[in-house]
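Single-structure report; data block below.
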Amino acid sequence: MKNPLVFIKIILSVLVFLLMLLPFVPLILTSMSFGWQWPAILPELISFRAWDYVLFGSSGTWQAVGVSLLIALIVTAVNVLLAVPAANALVRNSFRGKWLMEAIIFAPIIIPPFVAVMGIHLTFLKLGLTETVIGVVLAHISPTLPYMVRAIMISYQTLSIDWEDQARMLGAGPISRFTLVVLPHLLPGIVAGASLSILISLSQYLITFIIGSGQVVTLSILLFPFISGGDPAIASAYSLLFAGMAIMTLLGLDVLLKKYYQQKSRDTLG
Amino acid sequence: MWQKNKPYLLLLPAIGTIVLLFFGGLFDGFLKSLGYFPALGQTDFNITAYRQLFSSSEFWASFNLTFRVAFLSSVFAAVLGAALAISLFMLKESTNGKSSSIWHRLFQLPLTIPHLVGGYIIVLLFMQSGFLSRIATNLGFIDTIAEFPVLVNDSFGWGIILTYAWKEAPFISLMIYPVLSRIHQSWRDVSRIFGANRWNYIREIVVPVMMPAWTIATFIVFVFTFSAFEVPFLLGVTYPSTLPVYSYQLYTSGTLADRPEALAVNIILASFTVLLGLVVYAINKRWNAVKGWD
Chain E
0 MKNPLVFIKI
10 ILSVLVFLLM
20 LLPFVPLILT
30 SMSFGWQWPA
40 ILPELISFRA
50 WDYVLFGSSG
60 TWQAVGVSLL
70 IALIVTAVNV
80 LLAVPAANAL
90 VRNSFRGKWL
100 MEAIIFAPII
110 IPPFVAVMGI
120 HLTFLKLGLT
130 ETVIGVVLAH
140 ISPTLPYMVR
150 AIMISYQTLS
160 IDWEDQARML
170 GAGPISRFTL
180 VVLPHLLPGI
190 VAGASLSILI
200 SLSQYLITFI
210 IGSGQVVTLS
220 ILLFPFISGG
230 DPAIASAYSL
240 LFAGMAIMTL
250 LGLDVLLKKY
260 YQQKSRDTLG
Chain Z
0 MWQKNKPYLL
10 LLPAIGTIVL
20 LFFGGLFDGF
30 LKSLGYFPAL
40 GQTDFNITAY
50 RQLFSSSEFW
60 ASFNLTFRVA
70 FLSSVFAAVL
80 GAALAISLFM
90 LKESTNGKSS
100 SIWHRLFQLP
110 LTIPHLVGGY
120 IIVLLFMQSG
130 FLSRIATNLG
140 FIDTIAEFPV
150 LVNDSFGWGI
160 ILTYAWKEAP
170 FISLMIYPVL
180 SRIHQSWRDV
190 SRIFGANRWN
200 YIREIVVPVM
210 MPAWTIATFI
220 VFVFTFSAFE
230 VPFLLGVTYP
240 STLPVYSYQL
250 YTSGTLADRP
260 EALAVNIILA
270 SFTVLLGLVV
280 YAINKRWNAV
290 KGWD
């Protein structure tokens, strides 16, 4: 306790080991195991059978990855289009009924979205939206949109209207004011919102299953039967692939944002 | 005219979408929970589904389980998340902001893991023939599989609680850390002048500052676990099942007669979360009013 820094670092290291590393050990080992008998700590035989099946054997994997990403990206794009004007209105104006508008937009955080999806299921069926990607996209919007609005609102709070007025005085029209002043400032918020929106969309199972009726096969739908009592090795390999996909998508967004800023600072310097 | 209506017009697309897809769905579900199925020629309203639910022991068993699981998950996640955030904050204070960002990233890992995968990780770790059971056997704590406690697919819900405590603790710490970073270094110095040690400082300054954000984060975790489907479906038992799983079982049971009941479960679930939300909102508003910041 004499040196608190060492003490804190020890606590954090123990937490990292227990919470971040240990949980993944059995997942990785199981994905490479073949007939792993209890109580051996390591599998007797290392086999890449499950990985071979997941990556090359079953054609469904890459298609499911594609469908999952396609849905997540469309949902996110729609969310950005809906959320930017909404966040602008909520941050920069005070008007009658504002609390009601906020309550409506943030309601899906409190009220579980599957309640609404189960309710609308038969109507979607009548409209021919079940078993389609569009139907699933529509179902994913309400659980994700509130987070996108929230993230962009935070960016808007630090964007003074003076900047736009200044651009207006310099002769910028509404479009160039938006693309040159507002959008660059909102970008970190949009990226944060997009990360959340993608993550939430990727991990939806129940909503996708109800509206997609098992015909729209995302990675969660493909994974589910394996982890609820299928081959543990294949289930583990799919789980790692799924987790990896989520992490890679987020890292990708992060890298893109950094690249954008590098490019920008180079432009201003040169 | 334009200036006055501008905010409404800007909000129209987002509000319209949520009203149509979300509130439309809720309303649709509500009508059907009252037995209104025009497609089946049923156009009268009745509360049979609700009456049946409230008198069935299965519903109450499910309600109790859901409440217990959500309560324990959010409490464990809240404690663990606060410990994480305070440790990270202390680390930042001691090193003047250097080297804490790597720790931050490490601890956000469980947040990015999809829930299904998180649940499966807990299965592999905690099932009776799982990884911890193997370690316990090799260390000589237990001799047979049966000696390891049943923590997955148990009727108490430990597996679900463990999953959410693990997955949501980083969320809680992410929500309270920004609030903690508003505490100035000078406050620590002032507290030291008044003779406060590290522990006094945490109890008297750090905890009160993070309280509003902490309650909100814990409440979000509670509501989320209360209405989550995937993890309870994977790690729970068929009876009693949590409310969302119960609703799903009724909805997919095959007979259309069960559907109003499934939708009634959903409406009860939604009303309960809204009620809780209002309570937490009211409490928090009073806190912020007392403190003078939000």
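Those sequence lines, one after another, are chains E and Z.
Quick note on numbering that gives the first Met the number 0: the first sequence kicks off at 0 and runs consecutively.
Quick note on numbering that gives the first Met the number 0: the second sequence kicks off at 0 and runs consecutively.
Heads up, the beta-carbon is just placed ideally off N, CA and C, and yes, glycines get one too.
Fair warning: this is a prediction, and the values are worked out from it, not measured in the lab.
Quick one: list the residues of chain Z neighbouring residue i, beta-carbon separation under 8 Å, in chain order.
i, result
"Ala85 of chain E", "Leu9, Leu10, Pro12, Ala13 and Ile14"
"Trp37 of chain E", "Ser128, Ser132, Arg133, Thr136 and Ile144"
"Pro107 of chain E", "Ile17 and Phe21"
"Met295 of chain E", "This structure leaves residue 295 of chain E out entirely; chain E is present only between 0 and 269."
"Pro25 of chain E", "Ile120, Leu123, Leu124, Gly129 and Phe130"
"Ser238 of chain E", "Leu115, Val116, Tyr119 and Ile120"
So what does residue i bridge to, in DSSP terms?
i, result
"Gln41 of chain Z", "Z:Phe36"
"Ile45 of chain E", "E:Ser32"
Rounded to the nearest angstrom, how far is the Cβ of residue i from that of residue j, given a contact under 8 Å?
i, j, result
"Leu26 of chain E", "Ser235 of chain E", "5 Å"
"Ile73 of chain E", "Val24 of chain E", "The Cβ separation is near 36 Å, so there is no contact."
"Ala82 of chain E", "Leu9 of chain Z", "Not really, about 11 Å apart at Cβ, beyond 8 Å."
"Leu198 of chain E", "Thr111 of chain Z", "6 Å"
"Tyr245 of chain Z", "Ser32 of chain Z", "No, Tyr245 of chain Z and Ser32 of chain Z are not in contact; Cβ-Cβ is about 14 Å, not under 8 Å."
Do you know offhand how far residue i's Cα is from residue j's?
i, j, result
"Trp102 of chain Z", "Pro109 of chain Z", "13 Å"
"Met0 of chain E", "Phe6 of chain E", "Reliability fails at Met0 of chain E, whose pLDDT of 46 lies under 50, so the model's placement of it is uncertain and the value that follows must be treated cautiously. Cα to Cα, the separation comes out at about 6 Å."
"Arg187 of chain Z", "Arg181 of chain Z", "12 Å"
"Ile220 of chain E", "Leu4 of chain E", "46 Å"
"Pro243 of chain Z", "Gln203 of chain E", "14 Å"
"Thr162 of chain Z", "Ile121 of chain Z", "6 Å"
"Leu176 of chain E", "Pro37 of chain Z", "Looking at the sequence shown, residue 176 of chain E is not Leu but Arg. Answer to the nearest angstrom: the Cα atoms are 51 Å apart."
"Ser200 of chain E", "Phe21 of chain Z", "16 Å"
"Pro38 of chain E", "Thr136 of chain Z", "7 Å"
"Gln62 of chain E", "His120 of chain E", "25 Å"
"Trp292 of chain Z", "Ala195 of chain Z", "Low per-residue confidence applies at Trp292 of chain Z: pLDDT is 48, beneath 50, and the placement is therefore not dependable, though the value from the model is reported in the following sentence. Trp292 of chain Z and Ala195 of chain Z: Cα-Cα distance of roughly 24 Å."
"Ile204 of chain Z", "Ser73 of chain Z", "23 Å"
"Val273 of chain Z", "Asn92 of chain E", "27 Å"
"Ala138 of chain E", "Tyr250 of chain Z", "18 Å"
"Phe75 of chain Z", "Ser54 of chain Z", "32 Å"
"Leu218 of chain E", "Ile201 of chain Z", "44 Å"
"Ile266 of chain Z", "Thr42 of chain Z", "19 Å"
"Trp157 of chain Z", "Gln36 of chain E", "25 Å"
"Ile141 of chain Z", "Phe147 of chain Z", "7 Å"
"Phe26 of chain Z", "Leu234 of chain Z", "31 Å"
"Pro42 of chain E", "Ser32 of chain E", "6 Å"
"Asp266 of chain E", "Trp162 of chain E", "20 Å"
"Lys3 of chain Z", "His183 of chain Z", "41 Å"
"Thr237 of chain Z", "Leu256 of chain E", "46 Å"
"Pro231 of chain E", "Leu277 of chain Z", "43 Å"
"His114 of chain Z", "Lys5 of chain Z", "40 Å"
"Ser128 of chain Z", "Ser252 of chain Z", "32 Å"
"Gln214 of chain E", "Phe94 of chain E", "45 Å"
"Leu11 of chain Z", "Ala166 of chain E", "27 Å"
"Ala261 of chain Z", "Trp59 of chain Z", "14 Å"
"Thr47 of chain Z", "Gly211 of chain E", "30 Å"
Determine the chain Z residues that contact residue i at a beta-carbon separation under 7 Å, and present them in chain order.
i, result
"Val148 of chain E", "Ala13"
"Ile226 of chain E", "Leu115, Tyr119 and Leu233"
"Leu11 of chain E", "Ser86, Leu90 and Trp102"
"Thr122 of chain E", "Asp27"
"Leu81 of chain E", "Pro12, Ala13 and Thr16"
"Ser141 of chain E", "Ile17, Leu20 and Phe21"
In chain E, which residues lie less than 8 Å from residue i when you measure between Cβ atoms?
i, result
"Pro243 of chain Z", "Pro111, Phe113 and Leu205"
"Ile219 of chain Z", "Ile108"
"Thr42 of chain Z", "In chain order: nothing, as chain E lies at least about 15 Å away."
Since residue i meets chain E, which of its residues come closer than 7 Å, beta carbon to beta carbon?
i, result
"Gly24 of chain Z", "Ala115, Val116, Gly118 and Ile119"
"Tyr250 of chain Z", "Met117"
"Val350 of chain Z", "Only positions 0 to 293 of chain Z appear in the structure, and residue 350 of chain Z is not among them; the question remains open."
"Thr237 of chain Z", "The premise fails here: Thr237 of chain Z is roughly 12 Å from chain E at the closest Cβ pair, so nothing lies under 7 Å."
What in chain E is Cβ-close to residue i, meaning under 9 Å?
i, result
"Ser180 of chain Z", "Neighbours of Ser180 of chain Z on chain E: none; closest Cβ ~15 Å, over 9 Å."
Residues of the region 188-206 of chain Z with Cβ closer than 8 Å to any Cβ of chain E, in chain order: Those would be Arg197, in chain order.
Along the region 163-174 of chain Z, where does the CB come closer than 7 Å to a CB of chain E? Name the residues. Interface annotation for the region 163-174 of chain Z against chain E: Trp165, criterion Cβ-Cβ distance under 7 Å.
Between the region 49-77 of chain Z and chain E, which residues of the former have CB atoms less than 9 Å from a CB of the latter, in chain order? Residues of the region 49-77 of chain Z whose Cβ lies closer than 9 Å to any Cβ of chain E: none.
Check distances from the C-beta atoms of the region 258-271 of chain Z to those of chain E and list, in chain order, the residues that come in under 8 Å. Taking 8 Å as the upper bound on Cβ-Cβ separation, chain E lies near residues Ala261, Leu262, Asn265, Ile266, Leu268 and Ala269 of the region 258-271 of chain Z.
Between the region 40-54 of chain E and chain Z, which residues of the former have CB atoms less than 8 Å from a CB of the latter, in chain order? Within the region 40-54 of chain E, the residues whose Cβ lies closer than 8 Å to some Cβ of chain Z are Ile40, listed in chain order.
Which of the residues in the region 173-186 of chain E, read from start to end, lie with their CB under 7 Å from any CB of chain Z? The residues in question: there are none.
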